[in-house]
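**Q** Sharing a structure below in structure tokens format, with a few things to ask.
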Amino acid sequence: MSPLAQQAAASLVQSVDWLAVAPPTLTALVALAVLVADLFLPEARKPLLGRLSVAGLAAAALLLLPLLGDDRSTFCRQGTTRACSYTADTFTLTVQLLVLGGALLAALLSVTALKDADKRLPEGEYWFLLLSSAAGAALLPASRDLATLVVALEVASLPAFALVGLRHGDRRSAEAALKFFLSSVTATAVTLMGVSFVYAATGSLYLTEIADRVQHVDGQLTTLTQTGVVLTLVGFAFKTAAVPFHFWVPDTYVGAPLPIAAYLSVVGKAVGFSGLILVTVVALPSYADVWGPALAALAALTMTAGNVGALRQRATRAYSAVRLLAWSSVGQAGYLLVPIASAAYADDPGASVGATLAYALMYAAVNLGAFAVAALVGRAHARNRIADYRGLHAANPLLALLLAFFLLCLAGLPPGVIGLFAKVTVFSAAVDAGLGWLAVVMAVNVVIALYYYLRWTALLFRAPDAPDGVRARHRVPAPLTLALTATAVLAVALSGAPQLILRLADTALF
477 MSPLAQQAAA
487 SLVQSVDWLA
497 VAPPTLTALV
507 ALAVLVADLF
517 LPEARKPLLG
527 RLSVAGLAAA
537 ALLLLPLLGD
547 DRSTFCRQGT
557 TRACSYTADT
567 FTLTVQLLVL
577 GGALLAALLS
587 VTALKDADKR
597 LPEGEYWFLL
607 LSSAAGAALL
617 PASRDLATLV
627 VALEVASLPA
637 FALVGLRHGD
647 RRSAEAALKF
657 FLSSVTATAV
667 TLMGVSFVYA
677 ATGSLYLTEI
687 ADRVQHVDGQ
697 LTTLTQTGVV
707 LTLVGFAFKT
717 AAVPFHFWVP
727 DTYVGAPLPI
737 AAYLSVVGKA
747 VGFSGLILVT
757 VVALPSYADV
767 WGPALAALAA
777 LTMTAGNVGA
787 LRQRATRAYS
797 AVRLLAWSSV
807 GQAGYLLVPI
817 ASAAYADDPG
827 ASVGATLAYA
837 LMYAAVNLGA
847 FAVAALVGRA
857 HARNRIADYR
867 GLHAANPLLA
877 LLLAFFLLCL
887 AGLPPGVIGL
897 FAKVTVFSAA
907 VDAGLGWLAV
917 VMAVNVVIAL
927 YYYLRWTALL
937 FRAPDAPDGV
947 RARHRVPAPL
957 TLALTATAVL
967 AVALSGAPQL
977 ILRLADTALF
């Protein structure tokens, strides 16, 4: 064999760092184990699948610990230019913690939901799909080439479609899944076209190589590259629920099992914003003049549409509590987009990315807590209206205080200090980047959000419509107790020591 051929063959040999890929790999292996076990377990023992899934997600999250403080890369191409497909750095580990932690809390909510569903939700399929989606979501922030990025996005998305429509005999669930599927497929097709344009212009799929080559694209390909940049962002903007790609959110959250709505509100956003960050800050920093203004406009539109939509929810409308949380999640997505847009104008884009991660961690903890309370109240009130929360303090004082605290964190009011500090961090990122107009839009939207969060909070402490017999309706099952305890401890701890996550805003992530 000639020396040139030997060099080419050597470049194809992969040395896999199994520890680096362990978290998503273990999640995928547990998903396969659940699928196989479902074939052999009798119906009475199917709850064991839930325990296995919860244990698998907890173990995958623990596997992040050995990776702390050490950047690892694997599936690398050897040669004159070293490019890798998988990197476990601070950014990756932070998002994987968010994804696996969010999936774990959604799994705890699911244990009770599956028991209450009375076999309308097939347990084996449910746990397999949830774990498969979590594996794809955990893979995405580590992806450093466009092919792996798109595959991870679809692995995270496709099982989610099925989870939304998995409830047997529920028309709302089927309609929500169809709307979610059709809109997502359209966004994915547009994204793939954008990826093909970027590849045609640069000749590489590796993000680091694209960042270098895109600066030297032939003048005749400039328009093609700019079009590819915009189209590539569409799929990730859809997952983030950015306007105008948000229309699927309210119906999907209402039609899906409530734990899946909670999962989509946190993990779905993690997938979207991590993909946006990798495509913009890592792969296309030289095209900041294209994606910066686009993301700034999306952020302003998204927070405004989300907060106005939440403001319009009537307390007596069926599923209004879930719809308010859905529209609120759209508004929160707008806040998450602000630092990413700011990265286009900032001297240190890594700090802007850190502000997004800090806000996302705060949002994940308190939003999952709010969904946990909604899941508990929904066991007694199937229509889950905001009016059903009236007088919750009389029925369960601790539960009412927890929900009030979660809502105040989302609003950014004391004692929800972490919500206030996270919003200030995002606001500062916009001001420091010279986006004063976006900071003003954010300030107006924070005021709008205060109204509907405080309106719901006040309702918890009003005199109940039916004071007799309501106390027994809110008995808390053990899995829900664990989920509520975990989210409450996280929210209180972060409010007491916000520097635990806010230091991400001062970290050079890239």
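With our numbering applied, the sequence shown corresponds to residues 477 to 986, in that order. Ideal Cβ placement from N, Cα and C applies to all residues, glycine included.
For N921, which option in V705, L930, F657, G782 has the closest C-alpha, if you only look at C-alpha atoms?
**A** By 1-based counting over the sequence shown, the position of residue 921 is 445. Nearest C-alpha to N921: G782.
**Q** What do you get for F567, buried or exposed, if any count of 16 or more other CB atoms within 10 angstroms of its CB means buried?
**A** If you number the sequence shown from 1, residue 567 lands on position 91. It is buried - the Cβ of F567 has at least 16 other Cβ atoms within 10 Å.
**Q** Can you tell me the Cβ-Cβ gap for S445 and S561, rounded? I've got them flagged as a contact below 8 Å.
**A** There is simply no residue 445 to check, as the chain begins at 477 and stops at 986 in what is shown.
**Q** Does the distance from the CB of A450 to the CB of L574 come in under 7 Å?
**A** What the structure shows of the chain is the stretch from 477 to 986, and residue 450 is not part of that stretch, so it cannot be assessed.
**Q** Could you pull out every residue in the same chain whose Cβ sits closer than 6 Å to the Cβ of L926, ignoring the five residues on either side in sequence?
**A** Counting from 1 along the sequence shown, the entry for residue 926 is found at position 450. A887.
**Q** Runs of 4 residues minimum, wholly inside the segment 583-661: which ones carry the alpha helix (DSSP H) assignment?
**A** Whole alpha helix (DSSP H) segments, 4+ residues: 599-615, 622-640.
**Q** DSSP three-state label for F551, please.
**A** Here residue 551 is taken as the residue at index 75 of the sequence shown, counted from 1. Strand at F551.
**Q** How far does the beta strand (DSSP E) with A559 in it reach, from first residue to last?
**A** Your numbering for residue 559 matches position 83 in the sequence shown. Run containing A559: 559-564, per the beta strand (DSSP E) assignment.
**Q** Can you give the Cα-Cα distance for T778 and A718, rounded to whole angstroms?
**A** As a first step, residue 778 must be located in the sequence shown, where it is residue number 302. As a first step, residue 718 must be located in the sequence shown, where it is residue number 242. In a straight line, the C-alpha of T778 is about 5 Å away from that of A718.
**Q** In whole angstroms, give me the CA-to-CA distance for A738 and A623.
**A** Taking the sequence shown and counting its residues from 1, the one referred to as residue 738 is at position 262. Taking the sequence shown and counting its residues from 1, the one referred to as residue 623 is at position 147. Taking the straight line joining both Cα atoms gives about 28 Å.
**Q** For L813, count neighbouring Cβ atoms within 10 angstroms of its own Cβ and tell me buried if that reaches 16, exposed if not.
**A** As a working mapping, residue 813 is identified with position 337 in the sequence shown. That one is buried.
**Q** How long is the line joining the alpha carbons of A851 and D824, rounded to whole angstroms?
**A** In the sequence shown, the residue the question calls residue 851 occupies position 375. In the sequence shown, the residue the question calls residue 824 occupies position 348. Computed Cα separation, rounded: 41 Å.
**Q** Using the rule of at least 16 other Cβ atoms within 10 Å of the residue's Cβ for burial, across every protein chain shown, is P500 buried or exposed?
**A** Along the sequence shown, one-based indexing puts residue 500 at 24. The residue is buried, with at least 16 neighbouring Cβ atoms inside 10 Å.
**Q** How would you write the range of the alpha helix (DSSP H) that G826 sits in, first residue to last?
**A** Within the sequence shown, residue 826 is the residue found at index 350, counting from 1. From DSSP, the alpha helix (DSSP H) with G826 extends over 825-856.
**Q** Based on the DSSP output, what are the partners of Y682 in its beta bridges?
**A** Along the sequence shown, one-based indexing puts residue 682 at 206. Y682 is bridged to D621.
**Q** Can you give me the C-alpha to C-alpha distance between R979 and F516, rounded to a whole angstrom?
**A** Looking up residue 979 in the sequence shown gives position 503. Looking up residue 516 in the sequence shown gives position 40. Cα-Cα distance, rounded: 48 Å.
**Q** Could you check what DSSP says for W913 in three-state terms: helix, strand or coil?
**A** Within the sequence shown, numbered from 1, the residue matching residue 913 stands at position 437. If DSSP states are grouped into helix, strand and coil, W913 belongs with the helices.
**Q** Would you check if there are 3 or more beta carbon pairs closer than 8 Å linking the segment 674-688 to the segment 645-653?
**A** No, because fewer than three Cβ pairs between the segment 674-688 and the segment 645-653 fall closer than 8 Å, the two stretches do not touch.
**Q** For the alpha helix (DSSP H) holding Y729, just list the boundary residues, first then last.
**A** Along the sequence shown, one-based indexing puts residue 729 at 253. Its alpha helix (DSSP H) spans residues 725-731.
**Q** Could you have a look at F937 and say whether DSSP puts it in helix, strand or coil?
**A** For the purposes of this step, residue 937 is taken as residue 461 along the sequence shown, with counting starting at 1. Coil at F937, not helix or strand.
**Q** Taking 8 Å as the cut-off, does the segment 857-872 touch the segment 928-941 (at least 3 CB pairs, one atom from each stretch)?
**A** A contact exists between the segment 928-941 and the segment 857-872.
**Q** Let me confirm a value: P635 is counted as buried when at least 16 other C-beta atoms fall within 10 Å, else exposed. Which label applies?
**A** Mapped onto the sequence shown, residue 635 falls at position 159. Counting Cβ neighbours within 10 Å, P635 comes out buried, since at least 16 surround it.
**Q** If distances are taken between C-alpha atoms only, which option among L544, D546, A564, L541 comes closest to C552?
**A** By one-based count along the sequence shown, residue 552 stands at place 76. Selected option, being the one with the closest Cα: A564.
**Q** Which of the three DSSP states is assigned to H692 in this structure?
**A** The residue given as residue 692 occupies position 216 in the sequence shown. DSSP places H692 in helix when its eight states are reduced to three.
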